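**Q** So for the first sequence, numbering that gives the first Met the number 0 puts the first residue at 0; every next one is plus one.
All C-beta atoms in this analysis are idealised placements derived from N, C-alpha and C, irrespective of residue type, glycine included.
Predicted, not measured: the structure shown is a model, and the values here were computed from it.
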Amino acid sequence: MTTNDLAARAHALRQQLTRYGHEYYVLDAPSVPDAEYDRLFRELQTLEQQHPQLKTADSPTLRVGGMPLPEFSQITHSVPMLSLGNAFSDMQQDDFARRHAELLQFDERIRRELAESPIRYATEPKFDGLAISLLYRDGVLVQAATRGDGITGENVTENIRTIHAIPLKLELAHPPTLLEVRGEVLMLKRDFERLNAEQLARGDKTFANPRNAAAGSLRQLDSRITAQRRLSFFAYAIAQVEGADWPLSHAGEMDWLQQLGFPVVAQDLRPVVEGAAGLAAYYESVLQRRATLPFEIDGVVYKVDSRAQQEELGFVSRAPRWAIAHKFPAEEALTLVEAIEEQVGRTGAITPVARLQPVFVGGVTVTNATLHNEDEVLRKDVRVGDTVIVRRAGDVIPEVVSVVLERRPMRPAAGGDLFSQGEEAQYPPYRLPSHCPVCGSHVVREAGEAIARCSGGLSCKAQRSQAIQHFAGRRMMDIDGLGERYIDKLVEYGYVHGVADLYRLTLDDLLQMKRRADEDEGVTPETVKAGKVASKWAENLLQAIAASRQPALARLLFALGIRHVGESTAKTLADWLGSLALIRRAPAALFAALPDIGGVVAQSLADFFAEANNEAALDALLHYVAPADEHPPSAKLGEQLDTAVLLARLAIPRLTEVRSQQLATQISGLEQLARMERRQLLLLQLPAEVVNALADWLDEAANRQALQQLAALRTEILSSLPQDTLTAHPLFDGKTFVLTGTLPTLSRDAAKALIEAAGGKVAGSVSKKTHFVVAGADAGSKLAKAQELGVAILDEASLQAMLQQTAD
DNA sequence: CTCCCTCGAGTTCT
DNA sequence: CTCGAGGGAG
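Shown next as structure tokens:
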């Protein structure tokens with residue numbers, strides 16, 4: 000045969016095999032016997048082996064897998080893979096009425112948002128597998144990635160190619176130049192059972208459930224192993240299309256995907272329904288059919304069918320508002336409470352935990368279940384020795400649902416006479432200990448709080464260890480290799496008392512600590528190899544500690560573990576105030592002037608830095624660590640230092656937002672107020688009770704002094720602010736925009752990003768505070784509301800024009 | 001004052 | 001993932 004003939008033969012074989020494969024794996028209707036398929040497959044394999052130039056990226060021979068990878072590479076999703084919200088509460092299987100009520104509520108919310116009725120919903124089962132993104136360029140599968148954290152996932156292209164149900168090439172004369180398909184990889188129940196039987200016969204470990212089997216199979220670095228596992232796939236969404244028309248509805252997308260050769264769930268399992276009644280009927284019918292389905296599902300999904308309506312609803316943080324998961328009631332099991340013990344958290348929170356007789360539920364063996372807090376234990380009246388119903392809440396976290404009272408161990412009532420039949424429980428109701436189980440300090444429960452806390456602070460070993468653990472965490476100082484176990488030991492043996500001590504650790508310290516820890520735990524005596532492993536570990540750890548010495552300011556702030564200050568608040572502080580020095584000096588009112596920081600968080604910050612121990616620990620830490628990105632306060636801070644704003648943040652009794660504004664107009668500044676006497680205050684045009692409260696407040700020397708300090712700090716900050724206002728766009732700065740309808744070229748997110756970059760804010764709904772409404776095609780109620788309120792209305796062109804008018 | 005949303009904190013198992 | 005609490009909008 001000539002080269003051309005060979006190429007033609009290879010091409011023909013590929014086409015034939017792809018078609019047979021599709022018939023077999025997707026349509027479940029093979030037209031040729033397996034032997035025939037195998038014969039053609041081997042012919043193509045041989046041909047490609049002998050003539051490597053004939054290999055293609057879409058050849059069915061790729062389905063057998065290739066060389067093992069050293070590791071999966073990371074892939075950034077260009078369209079984030081979001082998770083679905085769940086607006087429904089857990090309930091019993093048979094609680095139709097409550098379920099229906101919740102569906103009505105959900106449907107009503109959507110109708111209100113869209114100002115339309117009835118709403119058409121596309122439905123589908125919620126597969127219990129792994130979400131995957133598939134990228135096709137010019138019709139050829141070029142990349143497959145796991146969901147990961149939604150932003151970045153792992154590159155599993157080789158493994159995905161071995162899944163026969165996934166087309167390697169779209170059979171179209173003119174495929175889209177770009178297509179990103181989302182779907183779920185899973186293992187059918189029958190394939191799972193077969194796999195486990197094989198594993199058992201081979202003496203390999205079996206998988207707890209099909210989901211774990213699918214995950215374990217897909218995450219093989221050796222794709223040849225993946226190829227031997229029978230994985231299936233169902234497509235359920237399109238994330239990107241270029242070079243083809245994007246269907247206008249979800250149902251349309253699904254039909255198109257099916258035409259393109261993707262397996263999608265059978266049509267009768269994904270009806271388009273109307274309103275709450277349609278959703279309810281769908282839910283109940285799928286629940287009925289659940290056991291007979293060939294794959295595991297953990298609920299159903301409802302999606303607003305119209306893509307225009309989807310765009311209008313948009314997103315909240317990382318979940319679309321137009322799609323929602325409705326989970327089935329979780330599987331439940333009975334087990335025995337062997338003990339109730341308490342854990343002490345980083346902030347001293349005392350959490351009761353039920354130690355359970357191990358029980359297999361929802362795919363794993365559960366031995367512990369949190370009881371959250373004292374009230375929760377008492378409400379459920381869980382006691383030692385009780386038989387309880389447990390389940391995995393959201394199919395993840397074990398939870399005690401209720402006690403089976405009939406099975407509570409009893410004994411005859413004490414003091415009962417011969418005639419009384421009285422019995423009493425062997426164990427009394429649960430009581431939270433009055434002293435910390437770790438350090439013995441008093442346990443305090445603030446009025447109105449659900450959580451009791453150990454008052455020991457950092458003198459409590461549990462809190463100290465966990466403070467250090469928090470400090471070292473990935474999103475904080477990111478010290479790799481410093482796990483819980485070693486931190487506990489470092490604290491226990493006295494190598495580390497506070498976070499600064501980490502930076503003083505030597506190689507010897509670490510090796511000594513490890514040796515002692517191993518001895519304490521009866522780990523086998525040292526070998527030469529173990530010694531090498533240990534010193535490698537210690538070196539890596541020292542390197543990781545050294546690498547953490549120039550953190551971003553926000554990370555350092557988060558790492559300090561200040562109550563109520565998490566990742567997001569830490570970032571706000573770093574962005575607005577810029578330097579640790581300023582943050583350490585700032586009074587509560589300054590914190591409270593920042594966005595999303597209110598009185599409680601502000602006070603918590605001020606308290607932290609006012610505490611001498613914390614200041615000392617911070618000073619010690621700063622011998623070794625320096626934030627790498629300190630800068631002057633943000634230019635935006637200037638507006639927040641407005642006299643009226645600061646007055647309102649001082650938490651002066653009776654001085655409301657409105658009164659603060661009135662007061663601000665009558666004084667020249669905070670300095671003046673700080674000097675005013677009661678008789679001068681009486682001249683202010685404010686209600687008498689406000690003036691009195693203000694005067695009383697100023698009578699406290701500490702308050703007056705705090706006000707003076709705030710005034711001085713304000714002046715100082717204002718003079719240090721960058722003078723240029725280059726970031727602020729005059730037409731956008733401080734203005735609120737609302738987007739509605741579909742813009743001709745900009746996506747919703749792109750428009751939002753542009754407005755925010757120019758200093759504007761984008762809100763979800765129109766109110767009298769809205770400055771501009773940007774309306775596109777099919778704009779709905781928001782446009783009407785804007786017209787009603789007389790809010791300025793822009794189209795995309797005028798928005799762009801406004802953006803163009805920069806500082807000229 | 002009352003929603004509604006976001007953020008913080010705690011948690012399990014592999 | 002879920003709960004509770006804090007913050008802000010209406």
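#1: Compare the C-alpha of S719 against each of T655, A705 and S633 and name the closest.
#2: Would DSSP call K326 helix, strand or coil?
#3: Buried or exposed, going by whether 16 or more other CB atoms sit within 10 Å of the CB of D698?
#4: Tell me the DSSP secondary structure of D202 in three-state form.
#5: Is V599 buried or exposed, if buried means 16 or more other CB atoms sit within 10 Å of its CB?
#6: Is the beta carbon of L61 closer than 8 Å to that of N158?
#7: Would you say the region 350-364 touches the region 136-144, given that touching needs at least three Cβ pairs under 8 Å?
#8: Just mark I150 as buried or exposed, buried being the case when its beta carbon has 16 or more other beta carbons within 10 Å.
#9: Can you grab the Cα-Cα spacing for the pair F191 / K326, in whole Å?
#10: Could you check where the alpha helix (DSSP H) with T571 kicks off and where it finishes?
#11: Taking 8 Å as the cut-off, does the region 244-261 touch the region 283-296 (at least 3 CB pairs, one atom from each stretch)?
#12: Using only the alpha-carbon positions, how far apart do F607 and A615 sit?
#13: Among L333, I74, R463 and A710, which one has its Cα closest to the Cα of V400?
#14: Does P117 pass the burial test, meaning 16 or more other C-beta atoms within 10 Å, or should it be called exposed?
#15: What does a CB cutoff of less than 6 Å around D807 pick up in its chain, not counting 5 residues either side in sequence?
#16: Between the Cα of G497 and the Cα atoms of D517, L680 and C459, which residue gives the shortest distance?
#17: Ignore the nearest five residues each way along the sequence and tell me which others in A587's own chain have a CB closer than 6 Å to its CB.
#18: For the pair the region 558-574 and the region 456-474, tell me if three or more CB-CB distances fall below 8 Å.
#19: What would DSSP say about L286, mapped onto helix, strand or coil?
#20: Please report the distance separating the alpha-carbon of G128 from that of D297.
#21: Which word fits D4, buried or exposed, when buried means at least 16 other C-beta atoms lie within 10 angstroms of its C-beta?
#22: Around the C-beta of F233, are 16 or more other C-beta atoms found within 10 angstroms, so that it is buried, or is it exposed?
#23: Three-state secondary structure (DSSP) at R809?
#24: Considering only residues of the same chain and omitting the five flanking positions on each side of A213, which have a CB-CB separation below 7 Å?
#25: Is the region 5-18 close to the region 37-53, with three or more CB pairs under 8 Å?
#26: Alpha carbon to alpha carbon, how far is L506 from K528? Give it in angstroms, no decimals.
#27: Applying the criterion that 16 or more other CB atoms from any shown protein chain within 10 Å of the CB defines a buried residue, is Q425 buried or exposed?
#28: I'd like the span of the alpha helix (DSSP H) that includes M253, first residue to last.
#29: Only counting the same chain, and skipping five residues up and downstream in sequence, which positions put a Cβ closer than 6 Å to that of A324?
#30: Excluding the 5 residues flanking A499 on each side, which residues of the same chain have their C-beta closer than 6 Å to its C-beta?
#31: On the criterion of 16 or more Cβ atoms from any shown chain inside 10 Å, does K54 qualify as buried, or is it exposed?
#32: For A236, which option in A250, R193 and R181 has the closest C-alpha, if you only look at C-alpha atoms?
#33: Tell me whether the beta-carbon of L709 lies closer than 8 Å to the beta-carbon of L669.
#34: By Cβ distance below 7 Å, which residues in the same chain neighbour A207 in space, the five residues on each side in sequence not counted?
#35: Have a look at S659, T2 and D267 and flag the residue whose alpha-carbon is nearest the alpha-carbon of V690.
#36: My understanding is that L171 touches Q239, with C-beta atoms under 8 Å, so please give their C-beta distance in whole angstroms.
**A** So, to answer that:
#1: If you number the first sequence from 1, residue 719 lands on position 720. The shortest CA-to-CA distance from S719 to any of T655, A705 and S633 is the one to S633.
#2: Position 327 of the first sequence, counted from the first residue, corresponds to residue 326. K326 falls in the strand class under three-state DSSP.
#3: For the purposes of this step, residue 698 is identified with residue 699 of the first sequence, where counting begins at 1. Classified as exposed, D698 has fewer than 16 neighbouring CB atoms from the shown chains inside 10 Å of its CB.
#4: Locating residue 202 in the first sequence gives position 203, where the first residue counts as 1. Here residue 202 turns out to be Gly, not Asp, going by the sequence shown. Annotated three-state conformation of G202 is coil, per DSSP.
#5: On the first sequence, position 600 is the one that residue 599 refers to. That one is exposed.
#6: In the first sequence, residue 158 corresponds to position 159, counting from 1. In the first sequence, residue 61 corresponds to position 62, counting from 1. In this structure, L61 does not lie closer than 8 Å to N158 by Cβ.
#7: no
#8: Residue numbering aside, residue 150 sits at position 151 when the first sequence is read from its first letter. Exposed.
#9: Numbered from 1 along the first sequence, position 192 holds the residue referred to as residue 191. Numbered from 1 along the first sequence, position 327 holds the residue referred to as residue 326. One C-alpha to the other measures close to 22 Å.
#10: As a working note, residue 571 is residue 572 in the first sequence. Taken as a continuous stretch (DSSP letters only), the alpha helix (DSSP H) holding T571 covers E566 to L576.
#11: no
#12: As a working note, residue 607 is residue 608 in the first sequence. As a working note, residue 615 is residue 616 in the first sequence. Going by the C-alpha atoms only, they are around 11 Å apart.
#13: What you label residue 400 is simply residue 401 of the first sequence in a count that begins at 1. With distances taken between Cα atoms, V400 lies closest to L333.
#14: The sequence position of residue 117 within the first sequence is 118, counting from 1. It is exposed - the Cβ of P117 has fewer than 16 other Cβ atoms within 10 Å.
#15: On the first sequence, position 808 is the one that residue 807 refers to. In this predicted model, D807 has a pLDDT of only 41, less than 50, meaning its place in the structure is not dependable enough to derive any value.
#16: Translated into positions along the first sequence, residue 497 becomes position 498. Looking at the Cα atoms, C459 is the closest of the given residues.
#17: For the purposes of this step, residue 587 is identified with residue 588 of the first sequence, where counting begins at 1. If we look at A587 and ignore the five residues flanking it on each side, its Cβ neighbours are A601, Q602 and A605.
#18: Judged by Cβ distances under 8 Å, the region 558-574 makes contact with the region 456-474, as three or more pairs qualify.
#19: The residue given as residue 286 occupies position 287 in the first sequence. In the three-state scheme derived from DSSP, where H, G and I count as helix and E and B as strand, L286 is classed as helix.
#20: The count along the first sequence starts at 1 and reaches residue 128 at position 129. The count along the first sequence starts at 1 and reaches residue 297 at position 298. Taking the straight line joining both Cα atoms gives about 10 Å.
#21: Against the first sequence, residue 4 aligns to sequence position 5. By the neighbour-count rule (16 or more Cβ atoms within 10 Å), D4 is not buried but exposed.
#22: Indexing the first sequence from 1 puts residue 233 at position 234. Counting Cβ neighbours within 10 Å, F233 comes out buried, since at least 16 surround it.
#23: With the chain represented from 0 up to 807, any question about residue 809 goes unanswered, as that position is not in the structure.
#24: As a position in the first sequence, residue 213 is number 214, starting the count at 1. Cβ neighbours of A213 beyond the five flanking positions: G128, L129, V184, L185, M186 and L230.
#25: yes
#26: As a first step, residue 528 must be located in the first sequence, where it is residue number 529. As a first step, residue 506 must be located in the first sequence, where it is residue number 507. Between the alpha carbons of K528 and L506 lies a distance of about 17 Å.
#27: Working through the first sequence from its first residue, we reach residue 425 at position 426. Under this definition Q425 is an exposed residue.
#28: The sequence position of residue 253 within the first sequence is 254, counting from 1. Segment H249 to Q258, the alpha helix (DSSP H) holding M253.
#29: Locating residue 324 in the first sequence gives position 325, counting from the first residue. Answer for A324: L83, N85, K125, G298 and V300, listed in chain order.
#30: For this step, residue 499 is matched to residue 500 along the first sequence. Hits under 6 Å: A619 and L620.
#31: Residue 54 sits at position 55 when you count from the first residue of the first sequence. Residue environment for K54: exposed (fewer than 16 other C-beta atoms within 10 angstroms of its C-beta).
#32: Position 237 of the first sequence, counted from the start, is the residue given in the question as residue 236. Minimum Cα distance to A236 is reached at R181.
#33: Taking the first sequence and counting its residues from 1, one reaches residue 709 at position 710. Taking the first sequence and counting its residues from 1, one reaches residue 669 at position 670. Cβ distance < 8 Å, so L709 and L669 count as in contact.
#34: The residue you call residue 207 lines up with position 208 of the first sequence. Only G362 and V363 meet the Cβ criterion.
#35: Position 691 of the first sequence, counted from the start, is the residue given in the question as residue 690. Residue S659 is the option with its Cα nearest to V690.
#36: Start at 1 with the first residue of the first sequence, and residue 171 comes out as number 172. Start at 1 with the first residue of the first sequence, and residue 239 comes out as number 240. Not quite, the Cβ-Cβ distance comes to about 17 Å (not below 8 Å), so this is no contact.
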